[in-house]
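Chemist: Questions regarding the structure given below will be posed in turn.
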Amino acid sequence: MKIKGISFKAKLLVYSLLLSLVPIIFIGILVNNTVSNKTEKDFINSSKKEITQVDNGISMYFETIRENVNLLANDRSVVNADSSITSYKDVKGEDSIDMTPSKNGKKEKAIFDVFSQFSSSHPNAAYIYLGTPDGGYVQYPEGPVPAGFTPTDRPWYTTAMEKPGEVKLTSAYEATGIDGIIVSNVVSIEKNGKQIGVLGLDVSLEGLTEIIKDINIGKNGYVILAQEDGTILANPKNPELNFQPISQLNVPALNDLRKDGLFEAKLDGKDYVLNTVASNIDGWKYITVIEKSEMLSTAKSIRNMIFIIAGVIAVIAVVVSIFMSLRITQRIKEISDLSLAMSNGDLTQQITVKVNDEIGDMGKNFNLMSNSLKETLKKISTESQQLSATSEELAASSIENQQASNQISETIQGVASGTDEQNAAMKNAVGIINEVFKHVDDVTDSMNNVSNSIQYSAETAKQGSDVVKQTVSQMDEIDQKVGSSAEKISILNEKSNEISQISLMIQSISEQTNLLALNAAIEAARAGEHGKGFAVVADEVRKLAEQSSDSASQINEIIYDIKDGIEVSMSLVNQGADSAKEGIKLVNESGKAFGEIKDSVLAVTTRISEVSTAMDNMKNHIAEVVSHIEGVSKTSLEVNEHSQSVAASSEEMSASMDEVSAVSQELARMSVELEEVIQKFKL
1 MKIKGISFKA KLLVYSLLLS LVPIIFIGIL VNNTVSNKTE KDFINSSKKE ITQVDNGISM
61 YFETIRENVN LLANDRSVVN ADSSITSYKD VKGEDSIDMT PSKNGKKEKA IFDVFSQFSS
121 SHPNAAYIYL GTPDGGYVQY PEGPVPAGFT PTDRPWYTTA MEKPGEVKLT SAYEATGIDG
181 IIVSNVVSIE KNGKQIGVLG LDVSLEGLTE IIKDINIGKN GYVILAQEDG TILANPKNPE
241 LNFQPISQLN VPALNDLRKD GLFEAKLDGK DYVLNTVASN IDGWKYITVI EKSEMLSTAK
301 SIRNMIFIIA GVIAVIAVVV SIFMSLRITQ RIKEISDLSL AMSNGDLTQQ ITVKVNDEIG
361 DMGKNFNLMS NSLKETLKKI STESQQLSAT SEELAASSIE NQQASNQISE TIQGVASGTD
421 EQNAAMKNAV GIINEVFKHV DDVTDSMNNV SNSIQYSAET AKQGSDVVKQ TVSQMDEIDQ
481 KVGSSAEKIS ILNEKSNEIS QISLMIQSIS EQTNLLALNA AIEAARAGEH GKGFAVVADE
541 VRKLAEQSSD SASQINEIIY DIKDGIEVSM SLVNQGADSA KEGIKLVNES GKAFGEIKDS
601 VLAVTTRISE VSTAMDNMKN HIAEVVSHIE GVSKTSLEVN EHSQSVAASS EEMSASMDEV
661 SAVSQELARM SVELEEVIQK FKL
């Protein structure tokens, strides 16, 4: 968008400030974000480093405890534990029972003494105890146990038996009889490949709270130790929350401690940054807590410093921009004043150049332009005076040339008129000859059409003659075939007569056979029972004879029908033979007629060809005459065209002289006006 109504000095100042302040603001934002991210990473790294050192110490502490537990589990007295150990699971009716292992059996007392000696050298050991599969239980220090106490039902016992031979750390819990939170280190006892019990060592976490309390995160930050189930083990800032659910901190992000991460939360009305770090001890989590303002204090200091530096640079940029804009605009104003004077016609002023920069070069160029313009105007003034004199001479010459061109134009117009009349006569002659040529051409076309028709008739006559010959040949062939058919039909008639005789003979034999069969049947009837079989045969023979007689009668009828058909065919064949002979005679006469037609057509074709050749010769002569006439006409046209061209050139020359005269007068007027304009400039 173009800014209107703002001076160049103001624009220059604005652009200078933008060029100086925008990078500063951008760099400030970038540095602030970088420092904030770096501060956050430093907090994470430093807190992890601090916690790692503490966790290593705590891990070493619990590693020592695990070693002591293994040492106790492998003690001879402990390994020799058996069913003689006192059991309290069957005791009923009382709230609690006082244990006295130091006064019980020899093995139980030996185990108690081992526990007592270990506890005297390890003050952090709260309880040392042993449970057996049959319910036996030994504990140091002595104390009451509830009636019906069964060690195998306790979590510490089942935890140890999940992975026999491995020291396991139970979840923290509040012990009865002592203050504070304890954790159990338990391991199964093995003898001869058999698990004979579980040994446990309870350790108080009171010292662990003091260790956590000594961890410094920044100035006011602290560390919370919790279990994955959400139980707070140590909170040095709020000890009353120890062994309380972590939900009491009112931080939803801490409800699931299975994930590590950094997040923000409100505690006691303040913004805090929390970071969860997993411990080497299974199920434990460290939570570092620091106020957000403290963590970002370094970034805030740097941000404030950036703002101060940006403000100082902005002030310096404003001062420098104002100073530079004044210097630049002052020199530009001098050049602007010079250009204004030049626009008013004053070319005597000059710019005093004091610098060698681009604006100084602009001033030098304006001085050069002013001097050059001054010299140019002087030359234009001199040339305009000469132009005025020359235009007057040109006007006089143009008048003389115009008169001469008018005389030439009149002479040429007379020549053009004569050539036009000659050209018209030539055109009439060519038109008449072309009409004759057209009639000859029409006659030639008619002769060609007649010739083509006659040739077509000749070809048709020839084809008709060929067809007649072919027809004669086919009629001869038909006559031969008709004769052959008559012979075959005659033979067929004879064969039919023979078949008829044979059929009559079969019919006679059938009648005789029928009579014989009838006689045989009569004789069989006379023979009685002996002739029954012969009677049956005779009856079958009689039936066969009757069938043969019937078939012979049918054959006779068919033969009579065939003979009637043969007689009709013989009559038709004879008639066809007579017709074929008559047709051959007529076809031969047609062949002679076609031959005569063909000869006549060929004679007419020859005559027409001779006439067509004569007409072609006539057309060629007419074409030569037309060609000569057209040549003469063309020459006349060329003469006429040249005459018209000369006349047109004369007219154009006359018009040009008029234009030259007008231009010379215009030049004279312009030279006067130019001189008046030059007089306005102050040289």
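Numbering-wise (the UniProt record's numbering), the sequence shown opens with residue 1 and increments by one.
Don't be surprised by glycine CBs; every beta carbon is placed ideally from N, CA and C.
1) Looking at the structure shown, is Thr288 part of a helix, part of a strand, or coil, going by DSSP?
2) What does Asn185 pair with, by DSSP beta-bridge criteria?
3) Taking all protein chains shown into account, decide if Ser279 is buried (16 or more other Cβ within 10 angstroms of its Cβ) or exposed.
4) Does the Cβ of Leu18 have 16 or more other Cβ atoms within 10 Å, making it buried, or fewer, making it exposed?
5) Suppose the cutoff is 6 Å on Cβ atoms and the five residues either side in sequence are ignored; what does the same chain contact list for Ser83 look like?
6) Let me know if Ile217 comes out buried or exposed under the rule of 16 or more other beta-carbons within 10 Å of its beta-carbon.
7) Pull up the distance between the alpha-carbon of Asp550 and that of Ala535, whole angstroms please.
8) Hey, out of Phe112, Val35, Gln665 and Asp466, whose CA is closest to Ser297's CA?
9) Relative to the alpha-carbon of Glu494, which residue among Arg526, Ser473 and Tyr560 has its alpha-carbon at the smallest distance?
10) The alpha helix (DSSP H) that contains Pro144, what's its start and end?
11) What separation, rounded to the nearest whole angstrom, lies between the Cα atoms of Lys270 and Thr276?
12) Helix, strand or coil: which one does DSSP assign to Asp90?
13) Between Ile29 and Lys38, what straight-line distance do the alpha-carbon atoms span, to the nearest angstrom?
14) Whose CA, out of Ser204, Lys92, Val289 and Leu241, lies closest to the CA of Leu169?
15) So for Leu233, helix, strand or coil by DSSP?
16) Within the same chain, show all residues whose beta-carbon is closer than 7 Å to that of Ile306, passing over the 5 residues directly before and after it, in chain order.
17) In whole angstroms, give me the CA-to-CA distance for Arg258 and Gln227.
18) Buried or exposed for Thr288, please, with buried defined as at least 16 other CB atoms from any protein chain shown within 10 angstroms of its CB.
19) Ignore the nearest five residues each way along the sequence and tell me which others in Ile24's own chain have a CB closer than 6 Å to its CB.
20) Which of the three DSSP states is assigned to Thr132 in this structure?
21) Within the continuous alpha helix (DSSP H) that includes Glu206, where are the two ends?
22) I'd like to know if the region 87-99 and the region 134-148 are in contact, where contact means that at least 3 CB-CB pairs between them fall below 8 Å.
23) If you run the structure through DSSP and keep just helix, strand and coil, what is Val273?
24) Candidates Asn356, Gln349 and Asp361: which alpha carbon is nearest Leu373's?
25) Does DSSP put Gln575 in a helix, a strand or coil?
26) Helix, strand or coil for Ser84? Go by DSSP, reduced to three states.
27) So does Ala73 have its beta carbon nearer than 6 Å to some heavy atom of the ligand GTP?
28) Count the CB pairs spanning the region 195-209 and the region 115-134 that are closer than 8 Å, and state whether there are at least three.
29) In three-state DSSP terms, what is Ile196?
30) Just the C-alpha distance for Asp268 and Ile290, rounded to the nearest angstrom, thanks.
31) When the Cα of residue 746 is compared with those of Val69, Ser16, Gln244 and Tyr15, which residue comes out closest?
32) Could you check which residue in Ser553, Lys488 and Leu518 has the C-alpha nearest to that of Ser508?
33) Give every residue of the same chain whose Cβ lies closer than 8 Å to the Cβ of Ala521, excluding the five residues on either side of it in the sequence, and list them in chain order.
34) Given that a residue counts as buried once 16 or more other Cβ atoms are within 10 Å of its Cβ, and exposed if not, what is residue 732?
35) Report all residues from its chain with a CB closer than 6 Å to the CB of residue 693; omit the five preceding and five following residues, and keep chain order.
36) Does the beta-carbon of Phe115 have 16 or more other beta-carbons within 10 angstroms, so that it is buried, or is it exposed?
Modeler: By the coordinates alone:
1) Walking along the sequence shown from the start, residue 288 turns up at place 288. Three-state result, Thr288: strand.
2) Stepping through the sequence shown from its first residue, residue 185 is reached at position 185. Answer is Leu169 and Leu201.
3) Counting from one through the sequence shown, the residue named residue 279 turns up at place 279. Burial call: buried.
4) What you label residue 18 is simply residue 18 of the sequence shown in a count that begins at 1. Exposed.
5) Position 83 of the sequence shown, counting from 1, holds the residue named residue 83. For Ser83, where only same-chain residues beyond five positions count, the Cβ hits under 6 Å are Asp134.
6) To locate residue 217, count along the sequence shown from 1; it is residue 217. Classification of Ile217: buried, given that the 10 Å Cβ count is 16 or more.
7) On the sequence shown, position 550 is the one that residue 550 refers to. On the sequence shown, position 535 is the one that residue 535 refers to. Rounded to the nearest angstrom, the gap between the Cα atoms of Asp550 and Ala535 is 23 Å.
8) As a working note, residue 297 is residue 297 in the sequence shown. Of the candidates Phe112, Val35, Gln665 and Asp466, the one whose C-alpha sits nearest the C-alpha of Ser297 is Val35.
9) Translated into the one-based positions of the sequence shown, residue 494 becomes position 494. The shortest Cα separation from Glu494 among Arg526, Ser473 and Tyr560 belongs to Tyr560.
10) Along the sequence shown, read from residue 1 onward, the residue named residue 144 stands at position 144. No alpha helix (DSSP H) contains Pro144, which is instead part of the beta strand (DSSP E) from Pro144 to Pro146.
11) Here residue 270 corresponds to residue number 270 of the sequence shown, with the count starting at 1. Here residue 276 corresponds to residue number 276 of the sequence shown, with the count starting at 1. The alpha-carbon of Lys270 is positioned some 19 Å away from that of Thr276.
12) Reading the sequence shown from its first residue, position 90 is the one you call residue 90. Here Asp90 sits in coil by DSSP.
13) To locate residue 29, count along the sequence shown from 1; it is residue 29. To locate residue 38, count along the sequence shown from 1; it is residue 38. Roughly 14 Å separates the two Cα atoms.
14) Locating residue 169 in the sequence shown gives position 169, counting from the first residue. Taking each of Ser204, Lys92, Val289 and Leu241 in turn and checking the Cα distance to Leu169, the smallest one comes out for Ser204.
15) One-based indexing of the sequence shown puts residue 233 at position 233. Secondary structure of Leu233 (DSSP, three-state): strand.
16) Taking the sequence shown and counting its residues from 1, the one referred to as residue 306 is at position 306. Gly28, Val31 and Asn32, listed in sequence order.
17) Taking the first residue of the sequence shown as position 1, residue 258 is located at position 258. Taking the first residue of the sequence shown as position 1, residue 227 is located at position 227. Cα to Cα, the separation comes out at about 10 Å.
18) Residue 288 sits at position 288 when you count from the first residue of the sequence shown. Counting every other CB atom within 10 Å of its CB across the protein chains shown gives Thr288 a total of 16 or more, marking it as buried.
19) Indexing the sequence shown from 1 puts residue 24 at position 24. The beta carbon of Ile24 lies closer than 6 Å to those of Ala310 and Ile313 in the same chain, with the five residues before and after it left out.
20) As a position in the sequence shown, residue 132 is number 132, starting the count at 1. Coil at Thr132, not helix or strand.
21) For the purposes of this step, residue 206 is taken as the residue at position 206 of the sequence shown. Boundaries of the alpha helix (DSSP H) around Glu206: Glu206 to Lys213.
22) Touching, yes.
23) Along the sequence shown, read from residue 1 onward, the residue named residue 273 stands at position 273. Per DSSP, reduced to three states, the secondary structure at Val273 is strand.
24) Within the sequence shown, residue 373 is the residue found at index 373, counting from 1. From the listed residues Asn356, Gln349 and Asp361, the smallest Cα separation to Leu373 is found for Gln349.
25) Position 575 of the sequence shown holds residue 575. Helix.
26) As a first step, residue 84 must be located in the sequence shown, where it is residue number 84. Coil, per DSSP.
27) As for the ligand GTP, it is missing from this structure, which has no ligand bound.
28) Under the Cβ criterion (8 Å, minimum of three pairs), the region 195-209 counts as touching the region 115-134.
29) Position 196 of the sequence shown holds residue 196. Note: Ile196 maps to strand in three-state DSSP.
30) Walking along the sequence shown from the start, residue 268 turns up at place 268. Walking along the sequence shown from the start, residue 290 turns up at place 290. Linking Asp268 to Ile290 through their CA atoms gives a straight-line distance of about 12 Å.
31) It is not possible to answer for residue 746, since the shown part of the chain is limited to 1 through 683.
32) Position 508 of the sequence shown holds residue 508. Comparing Cα positions, the closest option is Ser553.
33) One-based indexing of the sequence shown puts residue 521 at position 521. The answer, listed in chain order, is Ala535, Ala538, Asp539 and Arg542.
34) Only positions 1 to 683 of the chain appear in the structure, and residue 732 is not among them; the question remains open.
35) The displayed coordinates of the chain run from 1 to 683. Any statement about residue 693 would go beyond what the structure contains.
36) For this step, residue 115 is matched to residue 115 along the sequence shown. Buried, by the Cβ-count rule.
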